[in-house]
Amino acid sequence: KKMLCRGLVRAVARKAPMAPVSAPVAAAVGAQKVPQSSSRRVPSLEGVRSIVSAHSTVQSCAPLPPPRPGGLRMMSTGEGEKPKDEEKVQTEVFKDGEPVGETAGGSEEPPKPQVYEGEKVVGDQKDHEFKAETRQLLDIVANSLYADKEVFIRELVSNSSDALEKARYLSLTQEGEQLAENLEVHVVLDPENRLFMVQDNGIGMSAEELQENLGTIARSGSKKFMQEIKESEGGGGQGDAAKNIIGKFGVGFYSSFMVAEDVKVFSRKRGEEQGHCWTMNKSDGSYSIAAAQGVQPGTKIVLTLREDCADFADVKKVRECVTRFSTFVSFPIQVNGSQVNDVRALWLEDPGKVSEEDHSGLYKHLANAWDEPLYTLMYRADAPIDIKSVFYVPARSSEAFGQRQTEVNVNLHSRRVLIQKNAKDLLPEYLRFVKGVVDSEDLPLSISRETMQDKALMAKLKSVLTKRILRWLNDEAKNNPDKYKSFYDNFALHIKEGVAMDQANNKALITLLRYNTTAVGDNEEVPLQAYVDRMSEDQDTIYYLVCSDRKSGLASPYYEAFKARGIEVVLCYALHDEIVMGNTQKFGDKKLESIEVAEPPAKAEDKWEDKE
Numbered sequence: 001k002k003m004l005c006r007g008l009v010r011a012v013a014r015k016a017p018m019a020p021v022s023a024p025v026a027a028a029v030g031a032q033k034v035p036q037s038s039s040r041r042v043p044s045l046e047g048v049r050s051i052v053s054a055h056s057t058v059q060s061c062a063p064l065p066p067p068r069p070g071g072l073r074m075m076s077t078g079e080g081e082k083p084k085d086e087e088k089v090q091t092e093v094f095k096d097g098e099p100v101g102e103t104a105g106g107s108e109e110p111p112k113p114q115v116y117e118g119e120k121v122v123g124d125q126k127d128h129e130f131k132a133e134t135r136q137l138l139d140i141v142a143n144s145l146y147a148d149k150e151v152f153i154r155e156l157v158s159n160s161s162d163a164l165e166k167a168r169y170l171s172l173t174q175e176g177e178q179l180a181e182n183l184e185v186h187v188v189l190d191p192e193n194r195l196f197m198v199q200d201n202g203i204g205m206s207a208e209e210l211q212e213n214l215g216t217i218a219r220s221g222s223k224k225f226m227q228e229i230k231e232s233e234g235g236g237g238q239g240d241a242a243k244n245i246i247g248k249f250g251v252g253f254y255s256s257f258m259v260a261e262d263v264k265v266f267s268r269k270r271g272e273e274q275g276h277c278w279t280m281n282k283s284d285g286s287y288s289i290a291a292a293q294g295v296q297p298g299t300k301i302v303l304t305l306r307e308d309c310a311d312f313a314d315v316k317k318v319r320e321c322v323t324r325f326s327t328f329v330s331f332p333i334q335v336n337g338s339q340v341n342d343v344r345a346l347w348l349e350d351p352g353k354v355s356e357e358d359h360s361g362l363y364k365h366l367a368n369a370w371d372e373p374l375y376t377l378m379y380r381a382d383a384p385i386d387i388k389s390v391f392y393v394p395a396r397s398s399e400a401f402g403q404r405q406t407e408v409n410v411n412l413h414s415r416r417v418l419i420q421k422n423a424k425d426l427l428p429e430y431l432r433f434v435k436g437v438v439d440s441e442d443l444p445l446s447i448s449r450e451t452m453q454d455k456a457l458m459a460k461l462k463s464v465l466t467k468r469i470l471r472w473l474n475d476e477a478k479n480n481p482d483k484y485k486s487f488y489d490n491f492a493l494h495i496k497e498g499v500a501m502d503q504a505n506n507k508a509l510i511t512l513l514r515y516n517t518t519a520v521g522d523n524e525e526v527p528l529q530a531y532v533d534r535m536s537e538d539q540d541t542i543y544y545l546v547c548s549d550r551k552s553g554l555a556s557p558y559y560e561a562f563k564a565r566g567i568e569v570v571l572c573y574a575l576h577d578e579i580v581m582g583n584t585q586k587f588g589d590k591k592l593e594s595i596e597v598a599e600p601p602a603k604a605e606d607k608w609e610d611k612e
């Protein structure tokens, strides 16, 4: 149909015979001649389509005759006239000699669709609740929600941390509520019997709370607790304790079903004498609650691991998982009696109260390094979301001496718990030498707490962090040039990579560059601004030369004409500098141009001392 339409348009417009078409189409078009005119005439595509749609079968027949009355009428733009827009030709569709539609540019505005076409509610409304197949829903939560099975350790430890935080808060706000001497999370492993246990001495649960919190999927007791204390405190005061609560979705507990063939929960609420046991029947998705003796205040979860998940009873593996996910949890975590988290979340503390020794310990933990950080930055912001962060720059590049390129080493946390290790979306790739942590209470996390849901927000967060780090490096370069020289000697390649890749932050990156020039000593490197400060008033270009070393640059025949006129030239000793300079068209209002292609100025007013 489309090919036939095009053929009709071209044939009529050129007043030339066209390819044979079906007899029905020819009959529909008619036999009237097209009125003569010196300008080209174009039929309405809508009119052509209305004819072609009824005759889709192309058959061999005589050439198409001119249209008859009541068919298509081609409207000319006028004898000898030139339309204002040569691409736009007015057309009309006629039926029985009268226009039935008019378009500009050959297209009609389609009629607006009707949402309701007479539908009307007349009966009484009856409310119903959604139903769910519990067994299937548990399978989805347990087996399809999380990417890695080891996440269940993070979820259970986080639940225990929340229970301890609730107990601490209530002890401060309610009279008669006594706090345990040592609030801790204990992970106990029994490889022989494939047992995994997590126990806390937190707030505990009654039988009713066991039914509400564990018997209702996606009901978060922690979220309800946070809402209650915020309302009771008006959003301030002790309500700030809610910031340490981790739970949000009410599904973390069910992650244990990924690895366990049997799940038991022993819990006793603080202030009550009776404890209870919650047992899951995975075969039909039901559970039971019974009174239990010997239950200590708090909660104990006992998992009997499946045979294919027996390695989660291995002490070494569990210690590694706890350290990776929960090392910054507020309370001590013991794995078979040995504490595994002894590093503080410094980014949540007052920067003025954090010592260099504290920063050294956190840096070594994050970077798995033995040296001291060269630079340290603690940064907080409330836009686009509330974030608290700490960044470190090592003293040496880990990519030196031909080592492989490293990954971005900034971790994303939410309320102290690891969400993404080496989060690639937080910083651009050229800042991969930066180590650190970004923590936020307001991250729009997926229900598995493994990814962010708002990509636009992440892009904005990345932009904010990148600009802040580059501004920080520029401040350090200005305030302590000698220390910055040590940084630049190790990370110049990363900065140049950023100049070539990041147009949005090109200006901030260019100011970090350092180069030798013909106006300074052999081993001296200066920023481009120093070159601009020495330029004559009538010079509007920064001239540079890519060469292997200073000696070859000064001996270059391209430099002779500039030297004779007393014009300083930037000397670039790396091959990639040609890409960097070529990608940097301007520095401020000054152009950058290679002396290999540039014509030297006719004169230079201000002379500089030629140290050669």
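Sequential numbering from 1 applies to the sequence shown in the UniProt record's numbering.
Ideal Cβ placement from N, Cα and C applies to all residues, glycine included.
As an exercise, report each continuous beta strand (DSSP E) stretch of at least 3 residues that is fully enclosed by the stretch 428 to 506, in chain order.
Within the stretch 428 to 506, complete beta strand (DSSP E) segments of at least 3 residues are found at 435 to 439, given in chain order.
Which value, in whole angstroms, describes the spacing of the CA atoms of residue 58 and residue 457?
Its pLDDT being 43, under 50, residue 58 is placed unreliably in this model, and the value from its coordinates should be taken loosely. If I take the Cα positions, the gap works out to 55 Å.
Below 8 Å, can you find three or more Cβ-Cβ pairs linking the stretch 346 to 362 to the stretch 384 to 392?
As far as the Cβ criterion goes, the stretch 346 to 362 touches the stretch 384 to 392, which means the pair count is three or higher.
When you compare only the Cα positions, how much space is there between residue 491 and residue 413?
Residue 491 and residue 413 have their C-alpha atoms some 27 Å from each other.
I'd like the list of long-range same chain contacts for residue 155, defined as Cβ closer than 6 Å, with 5 residues on each side in sequence excluded.
Answer for residue 155: 252 and 255, listed in chain order.
In the DSSP output, what is residue 566 paired with across the bridge?
Note: residue 566 sits in no beta bridge, so no partner.
If you follow the beta strand (DSSP E) that residue 378 is in, where does it begin and where does it stop?
First-last of the beta strand (DSSP E) with residue 378: 373 to 381.
Taking the Cβ atom as the reference point for each residue, do residue 328 and residue 416 lie within a distance shorter than 8 Å?
When the beta-carbon positions are compared, residue 328 and residue 416 come within less than 8 Å of each other.
Contact between the stretch 194 to 209 and the stretch 286 to 302 is defined here as three or more beta-carbon pairs at a separation below 8 Å; is this criterion met?
Touching, yes.
CA-to-CA distance, residue 386 to residue 157, given in whole angstroms:
Cα to Cα, residue 157 sits roughly 25 Å from residue 386.
May I ask you to report which of helix, strand or coil DSSP gives residue 516?
Secondary structure at residue 516: strand, using DSSP grouped into helix, strand and coil.
Just to check my reading of the structure: residue 335 and residue 315 have Cβ atoms closer than 8 Å, yes? What is that Cβ distance to the nearest angstrom?
Rounded, the Cβ-Cβ distance is 6 Å, consistent with contact.
Between residue 378 and residue 354, what straight-line distance do the alpha-carbon atoms span, to the nearest angstrom?
Per the coordinates, the alpha-carbon of residue 378 lies some 10 Å from the alpha-carbon of residue 354.
With a threshold of 6 Å on Cβ separation, who are the neighbours of residue 78 within its own chain once the five nearest residues in sequence on each side are excluded?
Caution applies to residue 78, whose pLDDT of 46 falls short of 50 and renders its modelled position unreliable; the value that the coordinates give is listed next. Excluding sequence neighbours, residue 78 sits near nothing in its chain.
Residues in the same chain with beta-carbon distance under 7 Å from residue 149, minus the five sequence neighbours each way, listed in chain order, please.
These residues qualify, in order along the chain: 258, 259 and 309.
I want to know whether the stretch 558 to 568 touches the stretch 477 to 486 - three or more CB-CB distances under 8 Å.
Taking a contact to require three or more Cβ pairs closer than 8 Å, the stretch 558 to 568 and the stretch 477 to 486 do not qualify as touching.
Proximity below 8 Å, CB of residue 474 to CB of residue 512
In contact: residue 474 and residue 512 (Cβ atoms closer than 8 Å).
Span of the beta strand (DSSP E) holding residue 217?
Following the DSSP letters along the chain, one finds residue 217 in no beta strand (DSSP E), marked with neither H nor E.
Take residue 406 and list the residues in its own chain whose beta-carbon comes closer than 8 Å to its own, dropping the five residues that flank it on each side.
Excluding its 5 nearest sequence neighbours in each direction, residue 406 has C-beta neighbours in its own chain below 8 Å: 398, 399, 432 and 433, listed in chain order.
Residue 264 versus residue 461: straight-line alpha-carbon distance, rounded
Approximately 42 Å between the Cα atoms of the pair.
Within its chain, find whatever has a CB closer than 8 Å to the CB of residue 501; leave out the 5 residues flanking it on each side and keep chain order.
Correct list, in chain order: 428, 429 and 430.
Is residue 521 helix, strand or coil by DSSP?
In the structure shown, the three-state DSSP call for residue 521 is coil.
Status (buried if at least 16 other CB within 10 Å, exposed otherwise) for residue 588
Under this definition residue 588 is an exposed residue.
I'd like the span of the alpha helix (DSSP H) that includes residue 321, first residue to last.
Bounds of the alpha helix (DSSP H) holding residue 321 are 315 to 326.
Three-state secondary structure assigned by DSSP to residue 258:
Residue state for residue 258 is assigned as helix, using DSSP reduced to three classes.
Which same chain residues end up closer than 8 Å to residue 575 when comparing Cβ atoms and leaving out the 5 residues on each side of it in sequence?
Around residue 575: 546.
By DSSP, does residue 281 sit in helix, in strand, or in coil?
If DSSP states are grouped into helix, strand and coil, residue 281 belongs with the strands.
DSSP three-state assignment for residue 618, whether helix, strand or coil
Coverage of the chain is limited to positions 1 through 612, which leaves residue 618 absent and any answer about it impossible.
Inter-residue spacing [alpha-carbon to alpha-carbon] between residue 44 and residue 10
Below a pLDDT of 50, predicted positions are generally treated as unreliable, and residue 44, at 47, falls in that range; no measurement from the model is reported.
Select from 542, 122 and 553 the residue whose C-alpha is nearest the C-alpha of residue 642.
Here the chain has residues from 1 to 612 only, and residue 642 is not among them.
For the beta strand (DSSP E) containing residue 533, list its first residue and its last residue.
Run containing residue 533: none in the beta strand (DSSP E); it sits in the alpha helix (DSSP H), 528 to 534.
Does the distance from the C-beta atom of residue 322 to that of residue 579 stay below 8 Å?
Not a contact, by the Cβ cut-off of 8 Å.
Endpoints, beta strand (DSSP E) assigned at residue 409:
Element bounds for residue 409: 409 to 414.
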